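There are 2 protein chains.
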Amino acid sequence: MDISSEPLRDDENRFVDEIAALLAPWGFAPSVGRVYAYLLLRQTRVSVDEIAAALGISRAGAWSAARFLENFEHVRRFGSVGSKRALYAISDNYASPMREQTKLLGELGRLLQACAADTAAPEAAAPLAERARFLLALREAMNTAIDAVNERTREAV
Amino acid sequence: MDISSEPLRDDENRFVDEIAALLAPWGFAPSVGRVYAYLLLRQTRVSVDEIAAALGISRAGAWSAARFLENFEHVRRFGSVGSKRALYAISDNYASPMREQTKLLGELGRLLQACAADTAAPEAAAPLAERARFLLALREAMNTAIDAVNERTREAV
């Protein structure tokens, strides 16, 4: 299949640009944002060669972006990493990156609690402990929200 | 004041290292994570020179990390940017970075909705629209959670 014979249409390119611009301030390199957008658009398993051809980037760049996205569970890999035959698809487990984030809130909250108790100067302990309470309460609330949204999504299917 | 005469204690250094390690996978460069941790620990306004001396990094590195954190509203600046007299402190508006994130979820959800309606191939439209619904519902739920936690924090003060 001559995959390079199917370049993105203008409206597809616009979508890819918009997603990449939106995610750039969140630490997504431009190529990462573009690969994410392309996989959103396709909603199917595609090869690294296909990603590279569609977006006009190098194979190494496409592979590195896909791997970054895989690490954060935004995309799934089918096949061995680095293999010519490996395919990537956007993950349909929407909640997974969010769960990672609530985990971070929990770990941060616990570190701040311990710092307030053992390490911080007396005048810093109270605001640190208050921030820890906020983070831990927000984590609980977000987990509840993700559960509820997941539940509704499952019911709607 | 000879600020370099007050190096961090071992337990303070450990806290700084732990916070930096925790935040590294989230796109915080090591110096950014360390400056964030130091400002958490201090809970007061400090100069760029003081940050640099305490963490053993360059003034330019400390300033660039502080600016990154300021952009995401994790820290507040007091005084002109780049000025020798500018002071930085951890922001006490905990919710602000979270609000930025719910805003992102909303913008991403709306882009996916539009893509599903106008751009995506027929077989991609349904999963894209479903993902958009998840993002928008999660944004609402998170906003509600942040409001509730903020409200409790205010009442407890």
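Residue numbers (this note's numbering), protein chains in the order written: chain L, 135 to 291; chain V, 135 to 291. The beta-carbon is built from N, C-alpha and C at its ideal position, and this holds for glycine as well. Please read all numbers here as calculations on a predicted model, not as lab measurements.
1. Would Tyr228(L) count as contacting chain V if we go by Cβ distances under 9 angstroms?
2. Give the residues of chain A in contact with Asp252(L), contact being defined as C-beta atoms less than 8 angstroms apart.
3. Taking the continuous beta strand (DSSP E) assigned at Val209(V), which residues delimit it?
4. Extract the residue ranges of the alpha helix (DSSP H) inside the segment 156 to 182 of chain L, only unbroken runs of 4 or more that lie entirely within it.
5. With a CB to CB cut of under 6 angstroms and the five nearest residues on each side skipped, what residues in its chain are close to Leu174(L)?
6. With 7 angstroms as the limit, tell me which residues of the segment 159 to 173 of chain L have their beta carbon closer than that to any beta carbon of chain V; keep them in chain order.
7. Would Cys249(L) pass as a contact of Phe202(V) if the rule is Cβ separation under 9 angstroms?
8. Which class does Ser139(V) belong to by DSSP, given the choice of helix, strand or coil?
9. Taking CB distances under 9 angstroms as the criterion, tell me whether Val180(L) reaches chain V.
10. So which of Leu239(L), Ala255(L), Pro256(L) and Ala251(L) has the shortest CA-CA distance to Leu157(V)?
11. 9 angstroms is my cut-off, CB to CB: does Met135(V) come that close to chain L?
12. Taking buried to mean at least 16 other C-beta atoms within 10 Å of its own C-beta, is Ser192(L) buried or exposed?
13. Does Ser139(V) get closer than 9 angstroms to chain L when you measure Cβ to Cβ?
14. Should Ala196(L) and Val169(L) be called a contact, given that it needs their Cβ atoms to be closer than 9 angstroms?
15. So Pro231(L) contacts chain V; which residues on that side make the cut at Cβ distance below 9 angstroms?
16. Please confirm if Gln247(L) has its CB atom under 9 angstroms from at least one CB of chain V.
17. Take Arg244(V) as the anchor and find which of His208(V), Tyr222(V), Leu270(V) and Gly213(V) has the nearest alpha-carbon.
18. Per the contact definition of three or more C-beta pairs closer than 8 angstroms, is the segment 207 to 222 of chain L in contact with the segment 275 to 284 of chain L?
19. Using a Cβ-Cβ distance under 9 angstroms, would Val209(V) count as near chain L?
20. Could you tell me the alpha carbon to alpha carbon distance between Gly167(L) and Ile153(L), rounded to whole angstroms?
21. In terms of residue numbering, what span does the beta strand (DSSP E) encompassing Ala223(L) cover?
22. With respect to the alpha helix (DSSP H) encompassing Phe206(L), which residues constitute its N-terminal and C-terminal limits?
23. Determine whether the beta carbon atoms of Ala263(V) and Ala251(V) lie at a separation below 9 angstroms.
24. If I measure Cβ to Cβ from Lys218(L) and keep anything under 6 angstroms in the same chain, skipping five residues before and after, which residues do I get?
25. Which residues in the same chain have their Cβ closer than 7 angstroms to the Cβ of Gln247(L), if we skip the five residues on either side of it in sequence?
26. Check whether the Cβ of Leu242(L) lies closer than 9 angstroms to any Cβ atom in chain V.
27. What's the C-alpha gap between Met232(V) and Thr236(L)?
28. With DSSP run on the structure shown, which of helix, strand or coil describes Ile280(L)?
29. Please name the residue in Ala229(L), Thr253(L) and Pro256(L) whose C-alpha comes closest to that of Asp281(L).
30. Given a cut-off of 9 angstroms on the beta-carbon distance, is the pair Ala258(L) and Thr178(V) in contact?
31. Quick one: list the residues of chain V neighbouring Glu152(L), beta-carbon separation under 7 angstroms, in chain order.
32. Name the chain L residues that come within less than 7 angstroms of Val132(V), Cβ to Cβ?
33. Which class does Asn227(L) belong to by DSSP, given the choice of helix, strand or coil?
34. Output yes or no for whether 9 angstroms exceeds the beta carbon distance between Tyr222(V) and Ala200(V).
Here's the rundown:
1. Closer than 9 angstroms to some Cβ of chain V, the Cβ of Tyr228(L) qualifies, so yes.
2. Protein chains L and V are contained in the structure displayed, whereas chain A is not.
3. Per DSSP, Val209(V) belongs to the beta strand (DSSP E) from Val209 to Phe212.
4. DSSP runs (the alpha helix (DSSP H)) wholly in the segment 156 to 182 of chain L: 164 to 176.
5. By the criterion of a C-beta distance shorter than 6 angstroms, Leu174(L) is surrounded in its chain by Ile224, once the five residues flanking it on both sides are discounted.
6. Against chain V - using a Cβ distance shorter than 7 angstroms - the residues of the segment 159 to 173 of chain L are Trp160 and Gly161.
7. Contact flag unset, no.
8. Note that Ser139(V) has pLDDT 43, beneath the 50 cutoff, so the model's placement of it is unreliable and the number below is only indicative. It is helical.
9. Taking 9 angstroms as the threshold, the shortest C-beta distance from Val180(L) to chain V does not fall below it.
10. Selected option, being the one with the closest Cα: Leu239(L).
11. Note that Met135(V) has pLDDT 44, beneath the 50 cutoff, so the model's placement of it is unreliable and the number below is only indicative. Chain L contact via Cβ: absent.
12. Residue environment for Ser192(L): exposed (fewer than 16 other C-beta atoms within 10 angstroms of its C-beta).
13. Low confidence applies to Ser139(V): its pLDDT is 43, below 50, so where it sits in the model is not reliable, and the reading given next is rough at best. False, the Cβ-Cβ gap to chain L never drops below 9 angstroms.
14. Yes, Cβ-Cβ distance for Ala196(L) and Val169(L) is below 9 angstroms.
15. For a Cβ distance threshold of 9 angstroms, nothing in chain V lies close to Pro231(L): the least Cβ distance comes to about 11 angstroms.
16. Not closer than 9 angstroms to any Cβ of chain V, the Cβ of Gln247(L) fails to qualify, so no.
17. Ranking His208(V), Tyr222(V), Leu270(V) and Gly213(V) by Cα distance to Arg244(V) puts Leu270(V) first.
18. Output reads no: the segment 207 to 222 of chain L does not touch the segment 275 to 284 of chain L.
19. By this cut-off, Val209(V) is not an interface position.
20. Straight-line Cα distance between these residues: approximately 6 angstroms.
21. Leu221 to Ile224 is the extent of the beta strand (DSSP E) around Ala223(L).
22. Looking at the DSSP string, Phe206(L) is not in any alpha helix (DSSP H), and its letter there is neither H nor E.
23. Taking 9 angstroms as the Cβ cut-off, Ala263(V) and Ala251(V) qualify as a contacting pair.
24. Result list for Lys218(L): empty, nothing under 6 angstroms.
25. In the same chain as Gln247(L), and ignoring 5 residues on each side of it, the C-beta atoms closer than 7 angstroms to its own belong to Ala263 and Ala266, in chain order.
26. Yes, Leu242(L) lies at the interface with chain V (some Cβ there is under 9 angstroms from its Cβ).
27. Whole-angstrom Cα-Cα distance: 12 angstroms.
28. Here Ile280(L) sits in helix by DSSP.
29. Out of Ala229(L), Thr253(L) and Pro256(L), Ala229(L) has the C-alpha closest to the C-alpha of Asp281(L).
30. For Ala258(L) and Thr178(V), yes; Cβs fall inside 9 angstroms.
31. Simply Leu245.
32. The structure shown does not extend to residue 132(V), since chain V is modelled only from 135 to 291, so the question has no answer here.
33. Secondary structure at Asn227(L): coil, using DSSP grouped into helix, strand and coil.
34. For Tyr222(V) and Ala200(V), yes; Cβs fall inside 9 angstroms.
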